[in-house]
Amino acid sequence: MIFWQLFLAFFIPGILGYGGGPASIPLIENEVVGHYHWMTVTQFSNVLAFGNALPGPIATKMAGYIGYEVAGVAGSFMAQLATVAPSLILLITLLRLLERFKASPKVKWLTLLIRPIIVVMLGMMACNFFAASAQSSGWLPMILIAAASFVLMERFRIHPAFVIAGALVFGAFFMG
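Residue numbering for the sequence shown follows UniProt numbering, starting at 1 and increasing by one per position.
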């Protein structure tokens with residue numbers, strides 16, 4: 001039963017998450033945190049931060065880790081399979097159809113309508129992370145990390161991966 005739940009928890013966001021990893025992350029959070037209660041918002045945000053620090057697609061990294069935490073190696077495999085299955089199925093079955101209609105004004109219009117929904121979902125997820133972070137670590141560390149991150153990326157043009165890694169190290173040593 002747990003493998004079926006893992007499959008659904010990652011397959012459904014894969015199908016509904018139009019736009020790739022960033023669009024599916026709020027949907028994955030809803031399944032993992034809200035529906036199945038495998039993690040708290042704080043734990044999920046830590047997995048997301050760690051996944052962002054590593055190279056490669058975020059959804060598959062998160063699926064692998066969460067699947068492993070829930071059901072070991074087989075759970076990791078199942079979650080990753082469920083994450084890539086929607087894309088694989090769509091690529092195999094709909095490639096010709098998409099190629100034929102990609103210039104259609106209706107398809108372009110639909111794409112324009114979906115983008116604001118993705119922005120709202122990401123904003124809601126960010127608000128949840130903000131509230132969970134403020135509750136678990138306090139306002140001061142959260143504001144200091146945010147300000148330092150902003151200055152490092154905007155003023156000194158440091159790559160976000162290094163800023164994320166630095167925030168992880170700071171959190172591990174001073175907040176853990």
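Where is the CB? At the ideal position from N, CA and C, for every residue including glycine.
All values reported here derive from a predicted model rather than from experimental measurement.
- Minimum C-alpha distance to Gly-138 - residue among Ala-23, Glu-29, Ala-9 and Thr-42: As a position in the sequence shown, residue 138 is number 138, starting the count at 1. Of Ala-23, Glu-29, Ala-9 and Thr-42, the residue nearest in Cα terms is Thr-42.
- Between which two residues does the alpha helix (DSSP H) harbouring Ser-24 extend? What you label residue 24 is simply residue 24 of the sequence shown in a count that begins at 1. Element bounds for Ser-24: 21 to 29.
- Query: Below 9 Å between beta carbons: does that hold for Glu-167 and Ser-149?
  - Reply: Locating residue 167 in the sequence shown gives position 167, where the first residue counts as 1. Locating residue 149 in the sequence shown gives position 149, where the first residue counts as 1. One point to set straight first is that residue 167 is Ala, not Glu, in the sequence displayed. Yes, these two residues count as a Cβ contact at 9 Å.
- Item | Under the three-state DSSP convention, the category Thr-40 falls into | Position 40 of the sequence shown, counted from the first residue, corresponds to residue 40. Three-state result, Thr-40: coil.
- Message: I'd like to know if the stretch 81 to 89 and the stretch 6 to 26 are in contact, where contact means that at least 3 CB-CB pairs between them fall below 8 Å.
- Response: yes
- Item | Residue of Gly-67, Ala-146 and Val-33 minimising C-alpha distance to Asn-128 | On the sequence shown, residue 128 is found 128 positions in, with the first residue counted as 1. It is Val-33 whose Cα lies nearest to the Cα of Asn-128.
- Query: Thinking C-beta only, is Ala-59 closer than 9 Å to Phe-3?
  - Reply: Position 3 of the sequence shown, counted from the first residue, corresponds to residue 3. Position 59 of the sequence shown, counted from the first residue, corresponds to residue 59. No; because the gap between Cβ atoms is not below 9 Å, this pair is not in contact.
- Closer than 6 Å by C-beta to Ile-114: which residues in its own chain qualify, once you throw out the five before and the five after it? Chain order, please. Counting from 1 along the sequence shown, the entry for residue 114 is found at position 114. Contacts found: Tyr-18.
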